[in-house]
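Undergrad: Below is the structure I would like to discuss, written out as structure tokens.
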Amino acid sequence: MKYLNYLTIFILCFSCTSNRPDPRVRLKNSSKLYYQLQNYPQSFKPYEESGGTYVIDYSRTGADDLQWFPDELEVLKSKGNLVLSYFSIGEAENYRFYYKNLDKSLIIKENPSWPGNFVVKYWDPSWLDILVTGKKSYLGKILTQGFDGVYLDIVDAFWGFKDKKKSAERMLTLLKEIRKKIGKDRVLIVQNASSIYHYLKNKEEFFKVIDGIGSESTFFHGKKDMNNKYNPQKYVLDNLDVFKSQGKKVFTIEYVNQKNLVEKFVELSTKRGFVPLATDKALKGKIFNK
1 MKYLNYLTIF ILCFSCTSNR PDPRVRLKNS SKLYYQLQNY PQSFKPYEES GGTYVIDYSR
61 TGADDLQWFP DELEVLKSKG NLVLSYFSIG EAENYRFYYK NLDKSLIIKE NPSWPGNFVV
121 KYWDPSWLDI LVTGKKSYLG KILTQGFDGV YLDIVDAFWG FKDKKKSAER MLTLLKEIRK
181 KIGKDRVLIV QNASSIYHYL KNKEEFFKVI DGIGSESTFF HGKKDMNNKY NPQKYVLDNL
241 DVFKSQGKKV FTIEYVNQKN LVEKFVELST KRGFVPLATD KALKGKIFNK
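The sequence shown begins at 1 in our numbering and counts up by one.
In structure tokens form, the structure reads like this:
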């Protein structure tokens, strides 16, 4: 009976999507960003606002047995909201389902800023199999859950290699495989890596693959976790303007909660046509620019 009820809920959730705009239209109409990777509530409740983009992990804890059910995501999709799964593609995370059996020769080094995260040979066919093409791939799980697309982290892994043109092309190859898997109607957002197009032979190809970008600490860059002083990254901002000119959605994420900093950030971000989010560094779901 439990599984019958779940099937009934799933069918009802599926049927209610028939009048909903497709994910790319919802992205275009999105005016708010909600970005949370931990400290989830027992159940999601729809925000009063409509037209938001939610970025959440595919699981409550990152563990495979605590994935979200389609009907739980459906709550977030109400009122025209877009729901994207966080998806780290340039590093292996030691708490993910794949790590126990991961071929450790894929690992290049541990990220000193994030213990338990390891830079990998993201161009290797076996990594592609884990992420995208395998029968039990990470991305396959995400799509089965019913996410509207993916929010890709560690795309900027390419920057850590001496031959940046080669590493950027390798990253684009991975992005193209992800696009192929999710199809043309779902959304693909990259985080950071705003400079990658400078190193590509075919910049137009890159912009065709992606739908937008999220950029962290662009206006208030510094060493503190929260409330760094105003320190705009001009190079990044110039890159983001290019993304905007290409018709791509631009989200800016700042880790500020002081009122004067939040107000300044929102003003600067919206003036450039970006969607701002002021939140906590731990990404526990706090929103300071409501």
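Idealized CB from N, CA, C, for every residue including glycine.
To the nearest angstrom, how far is the alpha carbon of D163 from that of H198?
TA: So the two alpha carbons sit approximately 13 Å from each other.
Undergrad: Whole-angstrom Cβ separation of N29 and G80, contact assumed at under 8 Å?
TA: The Cβ separation is near 7 Å, so the contact holds.
Undergrad: Quick check: the Cα distance between P232 and S85, rounded to an integer number of angstroms?
TA: Approximately 28 Å, taken between the alpha carbons.
Undergrad: Distance check for N260 and I130, CA to CA, integer angstroms please.
TA: Cα to Cα, I130 sits roughly 44 Å from N260.
Undergrad: Classify K2 as buried or exposed, calling it buried when 16 or more other Cβ atoms lie within 10 Å of its own Cβ.
TA: Residue placement at K2 is flagged as unreliable, the pLDDT there being 38, under the threshold of 50; a coordinate-derived value is accordingly withheld.
Undergrad: Give every residue of the same chain whose Cβ lies closer than 7 Å to the Cβ of Y35, excluding the five residues on either side of it in the sequence, and list them in chain order.
TA: Closer than 7 Å at the Cβ level, and outside the excluded window around Y35, lie V55, I253, L277, T279, L283.
Undergrad: From P21 to D148, what does the alpha carbon distance come to, in whole angstroms?
TA: If I take the Cα positions, the gap works out to 11 Å.
Undergrad: Quick one: what does DSSP say K2 is sitting in, helix, strand or coil?
TA: Note that K2 scores 38 on pLDDT, short of 50, meaning its location in the model is unreliable and no value can be drawn from it.
Undergrad: Return helix, strand or coil for F118, following the three-state DSSP convention.
TA: Note: F118 maps to strand in three-state DSSP.
Undergrad: Going by other Cβ atoms of all chains shown within 10 Å of its Cβ, with 16 needed for buried, is G273 buried or exposed?
TA: So G273 counts as exposed.
Undergrad: Tell me, which residues are paired with T53 by DSSP?
TA: According to DSSP, which records beta bridges pairwise, T53 is partnered with L33, L82.
Undergrad: Between R96, N202, V150, K121, which has its C-alpha nearest I107's C-alpha?
TA: Checking every option, the nearest Cα to that of I107 belongs to K121.
Undergrad: Residues in its own chain within less than 8 Å of H221 by CB, not counting five upstream and five downstream?
TA: Counting only Cβ-Cβ distances below 8 Å, and skipping sequence neighbours, we find N228, N231, P232, Q233.
Undergrad: Of the choices K223, P112, I182, whose alpha-carbon is the least far from that of L139?
TA: Looking at the Cα atoms, I182 is the closest of the given residues.
Undergrad: Counting only runs of 3+ residues fully inside the segment 213-246, write out the beta strand (DSSP E) ranges in chain order.
TA: List check, beta strand (DSSP E) in window: nothing returned.
Undergrad: Assign N94 to buried or exposed, taking buried as 16 or more other Cβ atoms, counted over all protein chains shown, within 10 Å of its Cβ.
TA: By the neighbour-count rule (16 or more Cβ atoms within 10 Å), N94 is not buried but exposed.
Undergrad: What's the C-alpha gap between K264 and V83?
TA: If you take the alpha carbons of K264 and V83, they lie about 28 Å apart.
Undergrad: Between the C-alpha atoms of F288 and E216, what's the straight-line distance to the nearest angstrom?
TA: Answer to the nearest angstrom: the Cα atoms are 15 Å apart.
Undergrad: Rounded to the nearest angstrom, how far is the Cβ of E177 from that of V132, given a contact under 8 Å?
TA: At roughly 5 Å, the Cβ-Cβ gap stays under 8 Å, so E177 and V132 are in contact.
Undergrad: What do you get for P291, buried or exposed, if any count of 16 or more other CB atoms within 10 angstroms of its CB means buried?
TA: Any property of residue 291 remains undetermined from this structure, which presents the chain solely from 1 to 290.
Undergrad: Does the separation of the CB atoms of K201 and K165 fall below 9 Å?
TA: Yes, Cβ-Cβ distance for K201 and K165 is below 9 Å.
Undergrad: Who are the near neighbours of A193 in its chain, counting only those whose CB is closer than 6 Å to its CB and skipping five residues on each side?
TA: Here the set comprises V155, D156.
Undergrad: Any chance the CB of L175 is under 8 Å from a heavy atom of the ligand MN?
TA: Looking for the ligand MN in the displayed structure turns up nothing, as the structure carries no ligands at all.
Undergrad: Name the residue from F219, D64, Y255, L76 whose alpha carbon lies nearest to the alpha carbon of E296.
TA: Residue 296 falls outside the range modelled here, since the chain spans only 1 to 290, and no answer is possible.
Undergrad: How would you write the range of the alpha helix (DSSP H) that D71 sits in, first residue to last?
TA: Element bounds for D71: 70-77.
Undergrad: How is S43 classed by DSSP in three states: helix, strand or coil?
TA: DSSP places S43 in coil when its eight states are reduced to three.
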